[in-house]
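See structure below.
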Amino acid sequence: MTATFFDVLRGEWLKQRRSLAMWMVVAGALFTPAIILALRLLRYRELPALHASADYWTRLWHSAWESSAVFFLPMGAVLATSLIVQIEFRNNAWKQVHALPVSKATIYFCKLAIILSMLLLFVALFSVATWLTAAIPAVIVPGLQMPIAPIPWRDFVLDDFGYIAGCLPIAALQYAIALRYRNAMVPIGAGFLLWVGTLGMLSTRWASLSPYSVTMLQYIGEGSERKIPAPAFDIHATALVYFAIFVIAGYVLFATARQKG
Numbered sequence: 004m005t006a007t008f009f010d011v012l013r014g015e016w017l018k019q020r021r022s023l024a025m026w027m028v029v030a031g032a033l034f035t036p037a038i039i040l041a042l043r044l045l046r047y048r049e050l051p052a053l054h055a056s057a058d059y060w061t062r063l064w065h066s067a068w069e070s071s072a073v074f075f076l077p078m079g080a081v082l083a084t085s086l087i088v089q090i091e092f093r094n095n096a097w098k099q100v101h102a103l104p105v106s107k108a109t110i111y112f113c114k115l116a117i118i119l120s121m122l123l124l125f126v127a128l129f130s131v132a133t134w135l136t137a138a139i140p141a142v143i144v145p146g147l148q149m150p151i152a153p154i155p156w157r158d159f160v161l162d163d164f165g166y167i168a169g170c171l172p173i174a175a176l177q178y179a180i181a182l183r184y185r186n187a188m189v190p191i192g193a194g195f196l197l198w199v200g201t202l203g204m205l206s207t208r209w210a211s212l213s214p215y216s217v218t219m220l221q222y223i224g225e226g227s228e229r230k231i232p233a234p235a236f237d238i239h240a241t242a243l244v245y246f247a248i249f250v251i252a253g254y255v256l257f258a259t260a261r262q263k264g
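This note's numbering numbers the first residue of the sequence shown as 4 and each following residue consecutively.
Have a look at this one:
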């Protein structure tokens with residue numbers, strides 16, 4: 004009996020449900036909103052004036068994304084991708100995976116789909132948790148209403164898609180590296196060094212050449228005052244090009260590898 008793509012995808016998802024990668028994604032997505040919520044509950048007397056602000060949602064959104072765009076989202080992609088691949092290495096399960104009645108392309112792209120679903124989960128959880136930083140105080144603080152400003156849904160959704168696109172090349176490159184090495188510290192270390200190197204490039208207009216720069220550049224570009232030079236290239240178009248290159252290169256390396264896991 005030949006397994007279908009969706010059979011393999013379902014099996015891959017079942018592996019991840021209670022994995023360390025899943026918990027890291029959830030924790031990373033909720034960390035910054037949880038800090039914001041805690042601080043606002045501690046300063047609850049300031050909330051009525053804050054909720055009356057006309058630009059409440061824009062300021063909240065920009066504040067919440069600061070640490071996530073620069074650190075939690077890119078490094079979360081590095082760690083989650085490496086840990087997802089490590090499940091097979093840790094359990095010595097690659098031989099069983101390759102024994103499945105499916106093509107190498109199915110194996111490769113099912114794992115990639117799981118990795119991308121983790122990115123979607125991170126951004127979705129983060130967005131909902133950010134909204135809850137306003138909704139929860141409105142429920143538990145006596146007399147406090149929800150912010151009067153309308154939520155700019157369109158801008159927020161476009162931002163979310165931009166951040167997801169910005170993580171695609173990170174996930175694809177980390178995936179290609181993780182498939183080649185049994186030691187999880189190799190892809191994690193490589194990702195960390197590339198992330199640090201990207202931080203050093205942010206003061207130049209060539210920062211967009213780094214596949215790890217897009218989420219940072221998107222966040223900085225949304226500020227009222229740009230503190231760095233404008234990128235030399237469109238950051239999201241560059242991210243998609245990098246993603247395509249890394250996915251193709253990763254698949255070629257995976258399909259032609261002599262040692263299967």
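The beta-carbon is built from N, C-alpha and C at its ideal position, and this holds for glycine as well.
Computed from a predicted structure; not experimentally measured.
task = Note down the Cα distance separating MET4 from TRP97, rounded to an integer number of angstroms.
result = At MET4 the pLDDT is 43, less than 50, meaning the model places this residue with poor confidence; the figure from the coordinates comes in the next sentence. So the two alpha carbons sit approximately 20 Å from each other.
query = Is it the case that the Cβ atoms of HIS65 and GLU225 are separated by a distance below 9 Å?
reply = yes
ask   = Run through DSSP, which three-state label would ALA252 get?
value = helix
task = Classify VAL142 as buried or exposed, calling it buried when 16 or more other Cβ atoms lie within 10 Å of its own Cβ.
result = exposed
message = In the DSSP assignment, the alpha helix (DSSP H) including LEU63 goes from what residue to what residue?
response = 59-70
Own chain partners of LEU205 with C-beta closer than 8 Å, once the 5 adjacent residues on each side are dropped = SER216, MET219, LEU220, ILE223, ILE231
query = In angstroms, rounded to a whole number, what distance separates the CA positions of PHE257 and PHE112?
reply = 11 Å
ask   = Terminal residues of the continuous alpha helix (DSSP H) containing GLU15?
value = 8-19
6 Å Cβ shell around GLY194 - same chain, five flanking residues per side excluded = VAL81, GLN177
ask   = In chain order, what residues of the same chain lie with their CB nearer than 7 Å to the CB of ALA235, ignoring the 5 residues before and after it?
value = ARG208, TRP209, SER211
Distance between LEU53 and VAL199 (C-alpha atoms, nearest Å) = Answer to the nearest angstrom: the Cα atoms are 35 Å apart.
key: Burial state of THR133, where buried means 16 or more other Cβ atoms lie within 10 Å   = buried
query = Is the beta carbon of VAL88 sitting closer than 9 Å to the one on LEU171?
reply = no
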